[in-house]
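K.L.:
In the numbering used here, each residue carries its 1-based index in the sequence shown increased by 139. This is the structure I want to talk about, given as structure tokens.
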Amino acid sequence: MIMKLPRNHCRPIRTISLIVVLSCCGAPASGAAGAGADSGPAAGPPTEVRRPESGSQTRGPLARALWSSRITAPEAGDDAQTSLALKRLIRQVRVLTLNEKSPAPPAATTSEASAATETPTPVTTSVEPAPPEPVASAAPKRVPALAPKRDQTLDGLRKHAGRVRDPLEVAELLFLSGRPTEAVPFYEEALRRTSAGDPASGADRAWILFQLGNCLRETEAAKAQDAYMKLIAEYPNSPWTEMARASGRLVAWYQNTPPDHLVVRPKP
């Protein structure tokens, strides 16, 4: 905007305008000077370079601390355990090597012994005339003397099976020795000492019934059949139940089949 003033006021206005112009020109100059002042330190950026240096100085110890924490020495306990394990392995290997090497000397000794026995051949011929026949002949003579005493003791035990402390063990020994008929009274006594409703003696009772049927099936088939049937009735889930059924069927087949049909005679 242009304002019209009287002529008297022109000079002051000029001075004011000059001041305004100077001020306007001085502002950018000062701004340029300020920019130059700012650009002076910006031209050489030591501050910006120094900051990463200070950052690197701070990051260096941290990185070293991290690497030192990663690269740590193993614990002493692990080293002790590994050393003990290695020592044990070394001992085992030494023992194995010693065991492998030890049989060699006995082979040499056996070869030496065989060589020693081979050389004195006439000595062995001189020893041959002394036979140990009297000792062998004396041993069989003692067996018949002991047999009657053994039979007497077994007869006494069978008659008084209730006095035996463990009749089941005696019955098992007699059955395994091939005397099933002599084991019958001991199985019966063991069965008498058990009860059908006792879960503690259930397994023993099932086994006793099965063994009692096995001992009686060749001499008394009816009693054997009763023992098998009692086992099936009292213990249907026993592992001996299926075998008792098969044995009972076999006993029944033997009873119903005449003896002539069991023996196959050759044709004329």
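All residues carry an ideal CB built from backbone N, CA and C; glycine is no exception.
With a CB to CB cut of under 7 angstroms and the five nearest residues on each side skipped, what residues in its chain are close to Ile371?
P.N.:
Along the sequence shown, one-based indexing puts residue 371 at 232. Same-chain partners within the cutoff: Thr380, Ala383, Arg384.
K.L.:
Ala310 to His299, Cα distance in whole Å?
P.N.:
Counting from 1 along the sequence shown, the entry for residue 310 is found at position 171. Counting from 1 along the sequence shown, the entry for residue 299 is found at position 160. Between Ala310 and His299, the C-alpha separation is close to 14 angstroms.
K.L.:
Since I believe Ala360 is in contact with Tyr326 (beta carbons under 8 angstroms), could you give me their beta-carbon distance rounded to a whole number of angstroms?
P.N.:
For this step, residue 326 is matched to residue 187 along the sequence shown. For this step, residue 360 is matched to residue 221 along the sequence shown. Wrong, their Cβ atoms sit about 16 angstroms apart, outside the cutoff.
K.L.:
Alpha carbon to alpha carbon, how far is Gly317 from Pro92? Give it in angstroms, no decimals.
P.N.:
The chain is shown only over 140 to 407; residue 92 falls outside these bounds and no answer can be derived.
K.L.:
Hey, would you say Ala366 sits closer than 8 angstroms to Gly352, going by beta carbons?
P.N.:
By one-based count along the sequence shown, residue 366 stands at place 227. By one-based count along the sequence shown, residue 352 stands at place 213. Against a cut-off of 8 angstroms, the Cβ pair of Gly352 and Ala366 comes out as a contact.
K.L.:
Any chance you could list the alpha helix (DSSP H) runs of at least 4 consecutive residues sitting entirely within the region 305 to 350, in chain order?
P.N.:
If we require 4 residues or more, the alpha helix (DSSP H) runs fully inside the region 305 to 350 come out as 306 to 315, 319 to 331.
K.L.:
With a 10 Å radius around its C-beta and 16 neighbouring C-beta atoms as the bar for buried, classify Glu328 as buried or exposed.
P.N.:
For this step, residue 328 is matched to residue 189 along the sequence shown. Looking at its Cβ environment, which holds 16 or more other Cβ atoms inside 10 Å, Glu328 is buried.
K.L.:
Check Ser222 in the structure and name its three-state DSSP category.
P.N.:
Walking along the sequence shown from the start, residue 222 turns up at place 83. If DSSP states are grouped into helix, strand and coil, Ser222 belongs with the helices.
K.L.:
Skipping 5 residues on each side, what residues in its chain have a beta carbon closer than 6 angstroms to that of Ile347?
P.N.:
As a first step, residue 347 is located in the sequence shown; it is residue number 208 there, counting from the start. Counting only Cβ-Cβ distances below 6 angstroms, and skipping sequence neighbours, we find Tyr326, Ala329, Leu330.
K.L.:
For Tyr374, which three-state DSSP category applies?
P.N.:
As a working mapping, residue 374 is identified with position 235 in the sequence shown. Tyr374: coil per DSSP, three-state reduction.
K.L.:
Would you mind stating whether Gln350 and Phe314 have Cβ atoms separated by less than 8 angstroms?
P.N.:
Here residue 350 refers to the residue found at position 211 when the sequence shown is read from its first residue. Here residue 314 refers to the residue found at position 175 when the sequence shown is read from its first residue. Yes, these two residues count as a Cβ contact at 8 angstroms.
K.L.:
Assign Trp392 to one of three DSSP states: helix, strand, or coil.
P.N.:
As a working mapping, residue 392 is identified with position 253 in the sequence shown. Helix at Trp392.
K.L.:
Hey, would you say Leu296 sits closer than 8 angstroms to Val303, going by beta carbons?
P.N.:
For the purposes of this step, residue 296 is identified with residue 157 of the sequence shown, where counting begins at 1. For the purposes of this step, residue 303 is identified with residue 164 of the sequence shown, where counting begins at 1. Yes.
K.L.:
Ignore the nearest five residues each way along the sequence and tell me which others in Val390's own chain have a CB closer than 6 angstroms to its CB.
P.N.:
Locating residue 390 in the sequence shown gives position 251, counting from the first residue. Here the set comprises Arg356, Ala360, Ala363, Gln364.
K.L.:
Measuring CB to CB, does Arg358 end up less than 8 angstroms from Thr320?
P.N.:
Position 219 of the sequence shown, counted from the start, is the residue given in the question as residue 358. Position 181 of the sequence shown, counted from the start, is the residue given in the question as residue 320. Before going on, a small fix: residue 358 reads as Thr here, not Arg. Result yes, Cβ atoms of Thr358 and Thr320 sit closer than 8 angstroms.
K.L.:
For Gly387, count neighbouring C-beta atoms within 10 Å of its own C-beta (all shown protein chains included) and say buried if the count is 16 or more, exposed if not.
P.N.:
In the sequence shown, the residue the question calls residue 387 occupies position 248. The residue is buried, with at least 16 neighbouring Cβ atoms inside 10 Å.
K.L.:
Evaluate Ser377 with the Cβ neighbour count: other Cβ atoms within 10 Å of its Cβ, from every protein chain shown; 16 or more gives buried, anything less gives exposed.
P.N.:
For the purposes of this step, residue 377 is taken as residue 238 along the sequence shown, with counting starting at 1. With 16 or more other Cβ atoms within 10 Å, it is buried.
K.L.:
Please state if the CB of Tyr374 and the CB of Ala345 are separated by a distance shorter than 8 angstroms.
P.N.:
Here residue 345 is taken as the residue at index 206 of the sequence shown, counted from 1. Here residue 374 is taken as the residue at index 235 of the sequence shown, counted from 1. Against a cut-off of 8 angstroms, the Cβ pair of Tyr374 and Ala345 comes out as a contact.
K.L.:
Whole angstroms are fine: how far does the CA of Ala322 sit from the CA of Leu225?
P.N.:
Counting from 1 along the sequence shown, the entry for residue 225 is found at position 86. Counting from 1 along the sequence shown, the entry for residue 322 is found at position 183. Approximately 60 angstroms between the Cα atoms of the pair.
K.L.:
Have a look at Thr221 and Ile229 and give me their C-alpha separation to the nearest angstrom.
P.N.:
Position 82 of the sequence shown, counted from the first residue, corresponds to residue 221. Position 90 of the sequence shown, counted from the first residue, corresponds to residue 229. When rounded, the distance between both Cα atoms is 12 angstroms.
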